[in-house]
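One structure is given here, and the rest of the page talks about it.
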Amino acid sequence: MLSVVRVHLPSDIPIVGCELTPYVLLRCPDSLLISDDIPESAPIYGCFLRYKYRIQSDKNVAMCSIHPSEQATLQCLACVKAKIPVAKSYHCSPKCFSDAWQHHRLLHERAASAVNANGNEENTGSGVNTSLTSSQSSGSLTNGTTPLYPVVVSQRNGGETWFEVGRSKTYTPSADDIGHTLKFECAIINAETKLSVGNASTMMSRVIPAPSPTPRRLISVSGVDIPLHLDLDSRLSSSGTFTVLSYNILSDAYATNELYSYCPSWALAWTYRRQNLLREIVGYRADIVCLQEVQSDHFEEFFAPELDKHGYQALFKRKTTEVFSGNINTVDGCATFFRRDRFAHVKKYEVEFNKAAQSLTEALVPSAQKKTALNRLLKDNIALIVVLEAKFNNQGVDNPGKRQLVCVANTHVNVHQELKDVRLWQVHTLLKGLEKIAASADIPMLLCGDFNSAPGSAPHALVAMGKVDPMHPELAVDPLGILRPATKLTHQLPLVSAYTSFARIPVVPGLDQKRRKLDPGTNEPLFTSCTRDHFGTLDYIFYSADSVTVESLLELLDEESLRKDTALPSPGWSSDHIALLAGFRCKPRTRR
1 MLSVVRVHLP SDIPIVGCEL TPYVLLRCPD SLLISDDIPE SAPIYGCFLR
51 YKYRIQSDKN VAMCSIHPSE QATLQCLACV KAKIPVAKSY HCSPKCFSDA
101 WQHHRLLHER AASAVNANGN EENTGSGVNT SLTSSQSSGS LTNGTTPLYP
151 VVVSQRNGGE TWFEVGRSKT YTPSADDIGH TLKFECAIIN AETKLSVGNA
201 STMMSRVIPA PSPTPRRLIS VSGVDIPLHL DLDSRLSSSG TFTVLSYNIL
251 SDAYATNELY SYCPSWALAW TYRRQNLLRE IVGYRADIVC LQEVQSDHFE
301 EFFAPELDKH GYQALFKRKT TEVFSGNINT VDGCATFFRR DRFAHVKKYE
351 VEFNKAAQSL TEALVPSAQK KTALNRLLKD NIALIVVLEA KFNNQGVDNP
401 GKRQLVCVAN THVNVHQELK DVRLWQVHTL LKGLEKIAAS ADIPMLLCGD
451 FNSAPGSAPH ALVAMGKVDP MHPELAVDPL GILRPATKLT HQLPLVSAYT
501 SFARIPVVPG LDQKRRKLDP GTNEPLFTSC TRDHFGTLDY IFYSADSVTV
551 ESLLELLDEE SLRKDTALPS PGWSSDHIAL LAGFRCKPRT RR
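In full-length UniProt numbering, the protein residues as written are 1 to 592.
The following block contains the structure:
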């Protein structure tokens, strides 16, 4: 006979929209532990498993918009009046509301702008004297919904009423469940008698809404906000324009409580982060999406099928595994997605820096030093290069019959700070490969990814300036001699970092705030990664300035708003990096 040993959930805090998948460990008569699902159609040892999710019936409870695990005691009436999503109007204490005011006020200002744009001058409460309603004593705030659970599946236990809401092994909490306590039950059922012969359950805390940070705006280089939710017809009518997203999403293998102890464990759980990341990525509506640190199993089982539903075709390159030991499915890599209605796949190139390292050592390194050289150079990093054909027309082209191609490179360069020579060599190797593609076709180049290199570093200088100063301090560490002479560290591609466009445009009201998020010395973002241990820029979108121009950029986050969440990742932002997005326009081409 089977017996239940343990029922466990990755997190005991259920989140709206995030699937719950419990682990059920069983003991068999031969003492082996198994955790597989056992359906009624395929019993084991004459038994099968039956699952139930129950939710406790109590008063509707609203949860704090800033601290989603805390019950709300205050509601901002100005938010209700302005028709701001009701979940954003709740706070757990006056201090919570006061501390969040600078961020909360932006909701009022944006709602006021939307109302005024429609010719309605009604006050939406963007001033300081915002009305509040308090329910600290009664606890009777409504969360805007009235869940109705069928009485026929209710269960009374010790004066409490529990309603059945699910009968499968997994369950996805809905908005109706917010504020209610959830319980998972697993019963071992005798296949003949259909009676329970053993059971176990686990109680979770109250269901909380998924945190929803203020959406980042797309800013035109002229300083005008562009709605990210433009309808498809509007986007398609803008011939010759397209958007590119680059995002290191933080592999689940690296998202440990030890590294990110400041992030709640439920917000680090992959079941939560994957939904939050998907919601963010889809919300940007980019035509081309370049992701780094995508695990092989997550690409196959989640990102590829989920983004396919939104019209994206997917390509993937996994890191090589010469220096890897472990589960091959957890090896991460680079994934590139593109909208099928905007682009067609032409060609794919895979760059394995390990292969280039082996060729380099065979040609240049003496036999006695080959092992040492390979130990330093073999780091499993890769790049994925995709050539796409645009399905939109390029206005003003003098040669309208010619195809509009775009080359997109997606890479994740070596992270180890003591291997600056290896990082620079990897970037140089990639650039030389792109030069060969550029020489074979009249094609715009886009280079996206996590370069693990700060602005002003040797790799950044090589990409953006086309060369590295021979006196650059990072060239001093070159034990293998792979960087000498420094004059060979060049390329001919006219690459420019997209985000430097914020600093080059004319002064426009409101744009000074955007400039303050740039490093005045390099005109790059102050940061694209913000953790307890690191604050700086590592990610870039480079483009060939002779063939495309920057039209728009996704606004940068400010350090103050992130520090409110302590650092990245956080409940609102599920990676230790931020997403970068740039809108481009293809320049009119003439006959050659």
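Each residue gets a CB set at the ideal place from its N, CA and C atoms; glycine is no exception. These figures come from a predicted structure and were not determined experimentally.
Nonlocal neighbours in the same chain, by C-beta distance under 6 Å from residue i, ignoring five residues either side
| i | result |
| --- | --- |
| Ala357 | Leu377 and Leu378 |
| Glu306 | Leu278 |
| Pro150 | Its pLDDT being 42, under 50, Pro150 is placed unreliably in this model, and the value from its coordinates should be taken loosely. Excluding sequence neighbours, Pro150 sits near nothing in its chain. |
| Asn329 | Ser296 and Asp297 |
| Ile84 | Leu107 and Ala111 |
| Ser547 | Pro444 and Lys587 |
| Phe535 | Phe527 |
| Lys436 | none |
| Leu195 | none |
| Ile38 | Ile44, Phe48 and Leu49 |
| Val128 | Its pLDDT being 36, under 50, Val128 is placed unreliably by the model, and the measurement read from it follows with that caveat. Closer than 6 Å at the Cβ level, and outside the excluded window around Val128, lies no residue. |
| Leu424 | Ala458 and Pro459 |
Candidates the options, of which the one nearest residue i by Cα
| i | options | result |
| --- | --- | --- |
| Leu374 | Glu362, Ile382 and Leu384 | Glu362 |
| Leu462 | Lys432, Val548 and Glu555 | Lys432 |
| Ser501 | Val427, Phe584, Leu447 and Asp576 | Phe584 |
| Leu20 | Ala42, Ser174, His67 and Cys96 | Ser174 |
| Tyr284 | Val294, Val244 and Lys317 | Val244 |
| Ile382 | Leu364, Ala210 and Phe316 | Phe316 |
| Met471 | Leu480, Arg484, Ala269 and Val346 | Arg484 |
| Gln313 | Gln417, Val331, Phe338 and Ser31 | Phe338 |
| residue 643 | Val408, Glu70, Val351 and Arg274 | Residue 643 is absent from the structure shown; the chain starts at 1 and stops at 592. |
| Cys18 | Thr531, His416, Tyr272 and Gln417 | Tyr272 |
| Ala503 | Thr537, Val387, His491 and Leu553 | Leu553 |
| Leu221 | Gln404, Lys420, Gln56 and Tyr499 | According to the sequence shown, residue 221 is Val rather than Leu. Per the Cα distances, Tyr499. |
| Ala62 | Asp176, Ser98, Ala344 and Pro39 | Asp176 |
| Lys95 | Leu33, Thr487, His67 and Ala114 | His67 |
| Glu560 | Cys28, Gln102, His8 and Ser31 | Gln102 |
| Leu388 | Ser367, Ala441, Thr372 and Lys370 | Ala441 |
Cross-strand partners of residue i (DSSP beta bridge)
| i | result |
| --- | --- |
| Val408 | Val386 and Leu446 |
| Cys47 | Ile44 and Asn190 |
| Cys290 | Ser246 and Thr336 |
| Phe184 | Tyr53 and Thr202 |
| Phe535 | Cys530 |
| Phe451 | Looking at the DSSP assignment, Phe451 forms no beta bridge with any residue, so it has no partner. |
| Gln71 | Met63 |
| Pro525 | Leu518 |
| Val496 | Tyr543 |
Same chain, Cβ closer than 7 Å to residue i, five either side skipped, listed in chain order
| i | result |
| --- | --- |
| Asn190 | Gly46, Cys47 and Val197 |
| Thr429 | Phe353 and Ala356 |
| Trp270 | Asp252 |
| Ala286 | Thr243, Val244, Leu245 and Leu581 |
| Val152 | Its pLDDT being 37, under 50, Val152 is placed unreliably in this model, and the value from its coordinates should be taken loosely. Closer than 7 Å at the Cβ level, and outside the excluded window around Val152, lies no residue. |
| Gln426 | Phe353, Asn381, Val413 and Asn414 |
| Arg50 | Ala187 and Ile189 |
| Arg318 | Ser296, Val331 and Gly333 |
| Asn276 | Ala210 and Ser574 |
Alpha helix (DSSP H) segment containing residue i, residue limits
| i | result |
| --- | --- |
| Lys347 | It is not in any alpha helix (DSSP H) - Lys347 instead sits in the beta strand (DSSP E) that spans Phe343 to Glu352. |
| Asp99 | Pro94 to Asp99 |
| Lys319 | Where Lys319 is concerned, there is no enclosing alpha helix (DSSP H), given that its DSSP letter is neither H nor E. |
| Tyr272 | Trp270 to Tyr284 |
| Ser367 | Taken as a continuous stretch (DSSP letters only), Ser367 belongs to no alpha helix (DSSP H), as it is neither H nor E. |
| Arg423 | Lys420 to Ser440 |
| Val463 | Ala458 to Met465 |
| Val477 | First-last for Val477: undefined, no H or E at that position. |
| Ala78 | Leu77 to Lys81 |
Where the beta strand (DSSP E) containing residue i begins and where it ends
| i | result |
| --- | --- |
| Arg504 | Not the beta strand (DSSP E): Arg504 falls in the alpha helix (DSSP H), residues Ser501 to Arg504. |
| Trp573 | Taken as a continuous stretch (DSSP letters only), Trp573 belongs to no beta strand (DSSP E), as it is neither H nor E. |
| Ser3 | Ser3 to His8 |
| Asp539 | Asp539 to Ser544 |
| Ala304 | Premise fails: Ala304 lies in the alpha helix (DSSP H), Ala304 to Asp308, not in any beta strand (DSSP E). |
| Ala210 | Careful: Ala210 lies outside any beta strand (DSSP E) and carries neither H nor E. |
| Val550 | Val548 to Leu554 |
| Cys586 | Leu580 to Cys586 |
Contacting residues, own chain, Cβ-Cβ under 8 Å from residue i (five flanking each side not counted)
| i | result |
| --- | --- |
| Gly481 | Leu364 |
| Val80 | Val86 and Ser89 |
| Ser35 | Tyr23, Val24, Leu25 and Leu26 |
| Leu32 | none |
- Message: Count Cβ pairs between the stretch 440-460 and the stretch 407-424 that sit closer than 8 Å; are there 3 or more?
- Response: Touching, per the Cβ criterion.
- Item | Stretch pair the stretch 522-534 + the stretch 172-187: three plus CB contacts closer than 8 Å | The stretch 522-534 makes no contact with the stretch 172-187; the number of CB pairs closer than 8 Å stays below 3.
- Message: Below 8 Å, how does it come out for the stretch 9-16 and the stretch 198-217: are there three or more Cβ pairs, yes or no?
- Response: Counting Cβ pairs under 8 Å, three or more are found: they touch.
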